[in-house]
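Reading through the structure tokens given below for one structure.
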């Protein structure tokens, strides 16, 4: 979704990526004036009041890995899937050098690195395995990454015990 600088009604940038509509896009990152990168789940949880937490738990326990990193070109109006198979991707941050970005995966309690430039361009690798479940990632002015963790990775399994 995009909204102009003066506000107004939001409109969808991407209606489909790889033939599948993005059902949620909680994080947005603009790399240049032409490219927008965002993450999206294919299987969205039920957002009705009181149901969200249970459908989210069910998706975690079932190993939902429908998260995708999608690039949208504002000039050509085309989208491209850069990375798929992520477990509840929940944050994207660009490195200070702009050579790679980090994606927080809540479902696997890890941070993945996706290379944008150089001889590793388009490659993905494990950046960090965490003790807790990441809930967003941000880069500060010095180039350090800050990761918020919502809970110990074993806690959700205990909470979702039906």
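Residue numbers (this note's numbering): 2 to 163.
Note that the Cβ used here is the ideal one computed from N, Cα and C, for glycine as well.
Label residue 127 either buried or exposed according to how many other C-beta atoms from any shown protein chain fall within 10 Å of its C-beta, with 16 as the threshold for buried. exposed
Within the chosen definition, does the stretch 138-148 reach the stretch 116-123 through at least 3 CB pairs nearer than 8 Å? Because the criterion of three Cβ pairs below 8 Å is not met, the stretch 138-148 and the stretch 116-123 do not touch.
Could you say which of 75, 108, 132 and 82 lies nearest to residue 115 if we only look at CA atoms? Of 75, 108, 132 and 82, the residue nearest in Cα terms is 82.
By Cβ distance below 6 Å, which residues in the same chain neighbour residue 27 in space, the five residues on each side in sequence not counted? At residue 27, the pLDDT of 47 sits below 50, so the modelled position is not reliable; the number obtained from the coordinates is stated separately. Here the set comprises nothing.
Could you pull the start and end residues of the beta strand (DSSP E) that residue 126 belongs to? 125-130
Can you find the residues in the same chain that come closer than 6 Å, C-beta to C-beta, to residue 151, ignoring five residues on each side of it along the sequence? 134 and 136
Between 147, 119 and 117, which has its C-alpha nearest residue 131's C-alpha? 147
Taking 7 Å as the cut-off, decide whether the C-beta atoms of residue 66 and residue 90 are in contact. no
Expressed to the nearest angstrom, what Euclidean distance is found between the alpha-carbon atoms of residue 143 and residue 99? 13 Å
DSSP puts residue 100 in a beta bridge; with which residues? In the DSSP output, where bridge partners are listed per residue, residue 100 has none listed.
Nearest-angstrom beta carbon gap, residue 102 and residue 94 [assumed within contact, 8 Å]: 6 Å
Does chain D have any CB closer than 7 Å to the CB of residue 88? Annotation note: the requested chain D is absent from the structure, which comprises a single protein chain.
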